Ligand SMILES: Nc1nc2c(ncn2[C@@H]2O[C@H](COP(=O)(O)OP(=O)(O)OP(=O)(O)O)[C@@H](O)[C@H]2O)c(=O)[nH]1
Ligand SMILES: [Mg+2]
């Protein structure tokens, strides 16, 4: 359960019966249900809940703008890495950082509900890293980044990698003040994910299809996945790679280096 964005409450969720477009139920904790005279059951969201959510996002956005101003003033390229749990964000960072360190200093903020496992993996590379544990929270927010950055000595003209909590839903809603969002999807997740979780792909600037070394073993069509992602967001930069074998890495590293040299 997430107690910071209330996403577990099911607020605003709609349940559809397959094949019956006229039937839908809005689910809202604590709301009353009733039947409309147009033949379907309908539960209304409490307006108070909506106001609280707007308030949370507004407060977050104000802080995100402060973070963004700080990053811009220091010419820091801040990348927010997002994905389902286990798509390979940390592995991608482990393989990416050694290849860009020569060009620019790197620091990392790791977000997870619990453990310092990912921070320890990054620390082994010898770069500054902080772990943010969100407890029951399912995403990082701008305040967490604001506090973390104050604890770090972020260098001018550097790369800051922020690994968000593994979750393809809520982190898309919370602006951290990052320069760009990078969504990672792996071939074991299904090529329909961009259509099923469109907000994440719509909000992202870059999409990395990871674990391409497993393509021979899973029914996953990379071309269809790309088409689905571009349907949701035609501006997405698209990379296909394997963080384990290093296949496809040159294009990703080349793109990153060009961003760093123009930051
Ligand atoms: N075959 C294969 N496995 C990979 C690849 N990238 C990552 N993995 C494996 O996938 C698992 C999860 O990788 P992580 O890098 O921890 O994934 P993550 O997205 O950081 O996970 P969370 O932080 O828990 O959300 C590990 O067992 C990795 O070794 C890849 O390109 N190919
Ligand atoms: Mg990780």
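Residue numbers (this note's numbering): 2 to 264. Note that CB positions come from ideal geometry on N, CA and C, so glycine has one too. Remember, it's a predicted structure, so these values are computed and weren't measured experimentally.
Out of the options, state which residue places its alpha-carbon closest to the alpha-carbon of residue i.
i: residue 100; options: 263, 255 and 262; result: 255
i: residue 116; options: 105, 73, 166 and 247; result: 166
i: residue 120; options: 190, 53, 94 and 144; result: 94
i: residue 259; options: 104, 138, 230 and 162; result: 104
i: residue 164; options: 241, 154 and 149; result: 149
i: residue 253; options: 154, 122, 209 and 53; result: 209
i: residue 222; options: 112, 190 and 197; result: 190
i: residue 247; options: 55, 162, 96 and 237; result: 96
i: residue 143; options: 57, 203 and 237; result: 57
i: residue 275; options: 52, 251, 75 and 250; result: Examination of residue 275 is not possible in this model, given that the chain is present from 2 through 264 alone.
i: residue 87; options: 147, 207, 198 and 113; result: 113
i: residue 107; options: 134, 156, 152 and 151; result: 156
i: residue 244; options: 169, 215 and 230; result: 215
i: residue 147; options: 137, 72 and 201; result: 72
Alpha carbon to alpha carbon, how far is residue i from residue j?
i: residue 84; j: residue 211; result: 11 angstroms
i: residue 261; j: residue 80; result: 11 angstroms
i: residue 128; j: residue 109; result: 8 angstroms
i: residue 179; j: residue 68; result: 8 angstroms
i: residue 239; j: residue 92; result: 18 angstroms
i: residue 195; j: residue 82; result: 16 angstroms
i: residue 124; j: residue 140; result: 22 angstroms
i: residue 251; j: residue 98; result: 13 angstroms
i: residue 234; j: residue 199; result: 9 angstroms
i: residue 263; j: residue 257; result: 10 angstroms
i: residue 90; j: residue 52; result: 34 angstroms
i: residue 153; j: residue 162; result: 13 angstroms
On the CB-based measure, 16 or more other CB atoms within 10 Å of its CB, does residue i come out buried or exposed?
i: residue 218; result: exposed
i: residue 118; result: exposed
i: residue 182; result: buried
i: residue 213; result: buried
i: residue 193; result: exposed
i: residue 55; result: exposed
i: residue 70; result: exposed
field: Residue ranges of each alpha helix (DSSP H) within the stretch 105–179, 4 or longer
entry: 118–124 and 143–152
field: Contact between the stretch 219–236 and the stretch 184–194 (3+ Cβ pairs under 8 angstroms)
entry: yes
- prompt: Using 8 angstroms as the threshold, is the stretch 173–183 in touch with the stretch 58–65, meaning 3 or more CB pairs across them?
  reply: yes
message: As an exercise, report each continuous alpha helix (DSSP H) stretch of at least 4 residues that is fully enclosed by the stretch 200–232, in chain order.
response: none
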